[in-house]
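Sequence lines, in order, name chains A and B. Just add 8 to the spot in the first sequence (first one is 1) and you have the numbering used here. Just add 1 to the spot in the second sequence (first one is 1) and you have the numbering used here. Glycine included, every Cβ here is placed at the ideal spot set by N, Cα and C.
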Amino acid sequence: NAGVMQNPRHLVRRRGQEARLRCSPMKGHSHVYWYRQLPEEGLKFMVYLQKENIIDESGMPKERFSAEFPKEGPSILRIQQVVRGDSAAYFCASSPFGSYEQYFGPGTRLTVT
Amino acid sequence: AQSVTQLDSQVPVFEEAPVELRCNYSSSVSVYLFWYVQYPNQGLQLLLKYLSGSTLVKGINGFEAEFNKSQTSFHLRKPSVHISDTAEYFCAVSDRDSARQLTFGSGTQLTVLP
Numbered sequence: 009n010a011g012v013m014q015n016p017r018h019l020v021r022r023r024g025q026e027a028r029l030r031c032s033p034m035k036g037h038s039h040v041y042w043y044r045q046l047p048e049e050g051l052k053f054m055v056y057l058q059k060e061n062i063i064d065e066s067g068m069p070k071e072r073f074s075a076e077f078p079k080e081g082p083s084i085l086r087i088q089q090v091v092r093g094d095s096a097a098y099f100c101a102s103s104p105f106g107s108y109e110q111y112f113g114p115g116t117r118l119t120v121t
Numbered sequence: 002a003q004s005v006t007q008l009d010s011q012v013p014v015f016e017e018a019p020v021e022l023r024c025n026y027s028s029s030v031s032v033y034l035f036w037y038v039q040y041p042n043q044g045l046q047l048l049l050k051y052l053s054g055s056t057l058v059k060g061i062n063g064f065e066a067e068f069n070k071s072q073t074s075f076h077l078r079k080p081s082v083h084i085s086d087t088a089e090y091f092c093a094v095s096d097r098d099s100a101r102q103l104t105f106g107s108g109t110q111l112t113v114l115p
């Protein structure tokens with residue numbers, strides 16, 4: 009059973025460009041979470057999604073950030089007009105319905121130049 | 002809302018010595034508790050969890066943790082560490098009743114010295 013997949017693993021963007029981060033949950037998992045890890049810090053919750061629904065986006069910045077988890081395909085975290093402060097590791101986690109255990113992907117390390 | 006405090010940002014310890022990584026939490030509701038390990042440039046791996054029942058929880062790689070409700074603590078212990086245990090360790094909590102999001106501490110870097 010493959011784990012949580014994230015791609016790309018590393019992403020370099022210039023200021024003002026868009027970044028798209030993809031997350032494929034484990035097979036049978038219907039819940040996806042996105043977290044951001046800034047250098048020398050712990051992970052901070054961003055958004056919690058189920059298929060076609062955003063359940064909790066209380067940790068998402070109000071502007072430039074959006075997330076989706078379509079009926080088919082991976083979950084996407086989209087950052088428009090990136091700035092240097094967006095440089096971080098972005099982790100996706102998934103869990104099956106009814107479980108509190110979250111399984112993490114390897115992360116996407118975004119560098120904004 | 003919850004918060005998690007990991008008091009020790011760095012813990013150096015010699016190989017085969019015991020180690021304790023401290024975690025305290027604050028919450029107005031009942032919580033679930035977790036410890037994750039992160040190796041360099043990798044994702045997080047679940048070490049152990051406390052959901053209910055016995056307050057002493059055993060996890061992978063010989064780690065264990067004890068939930069102390071009165072002291073709101075969930076310290077991680079291992080009686081004898083190996084070089085391969087060198088990694089960042091994160092304590093996390095989630096609200097039992099509603100939110101599924103994890104609130105993480107700032108992490109403890111465990112360095113095992115030969």
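Checklist entry - Would a check of beta-carbon distances place residue 118(A) closer than 8 Å to chain B? => result no
Checklist entry - In three-state terms, what does DSSP make of residue 9(B)? => result coil
Item to check | Bounding residues of the beta strand (DSSP E) (the contiguous stretch that carries residue 28(A)) | outcome: 27–32
Checklist entry - At a Cβ cut of 9 Å, what residues of the region 42–74 of chain B count as close to chain A, listed as they run along the chain? => result 42, 43, 44, 45, 46, 47, 50, 52
Checklist entry - When you compare only the Cα positions, how much space is there between residue 56(B) and residue 48(B)? => result 16 Å
Item to check | CB of residue 34(A) within 8 Å of CB of residue 67(A), strictly | outcome: no
Next on the checklist: Check this for me: beta carbons of residue 44(B) and residue 99(A), under 8 Å apart or not?
Outcome noted: Closer than 8 Å, so yes.
Next on the checklist: DSSP three-state label for residue 97(B), please.
Outcome noted: coil
Item to check | Reduced DSSP category for residue 74(B) - H, G, I as helix; E, B as strand; rest coil | outcome: strand
Checklist entry - How should residue 40(B) be labelled, buried or exposed, when 16 other C-beta atoms within 10 angstroms of its C-beta is the threshold for buried? => result Residue 40(B) is exposed by the Cβ-count criterion.
Item to check | Residue of 50(A), 74(A), 70(A), 23(A) minimising C-alpha distance to residue 61(A) | outcome: 74(A)
Checklist entry - Per DSSP, residue 62(B) is paired with what? => result DSSP, once it has assigned bridges, lists no residue as partnering residue 62(B).
Checklist entry - DSSP three-state call for residue 44(A): helix, strand or coil? => result Looking at residue 44(A) - three-state DSSP - the assignment turns out to be strand.
Item to check | Three-way DSSP call (helix, strand, coil) for residue 92(A) in this model | outcome: helix
Next on the checklist: In whole angstroms, give me the CA-to-CA distance for residue 108(A) and residue 101(B).
Outcome noted: Approximately 7 Å, taken between the alpha carbons.
Item to check | Beta-carbon proximity of residue 97(B) to residue 31(B), cut-off 8 Å | outcome: yes
Item to check | Below-8 Å beta-carbon distance, residue 15(B) vs any chain A residue | outcome: no
Checklist entry - residue 39(A) touches chain B at which residues, Cβ-Cβ below 9 Å? => result 101
Checklist entry - Would a check of beta-carbon distances place residue 69(A) closer than 8 Å to chain B? => result no
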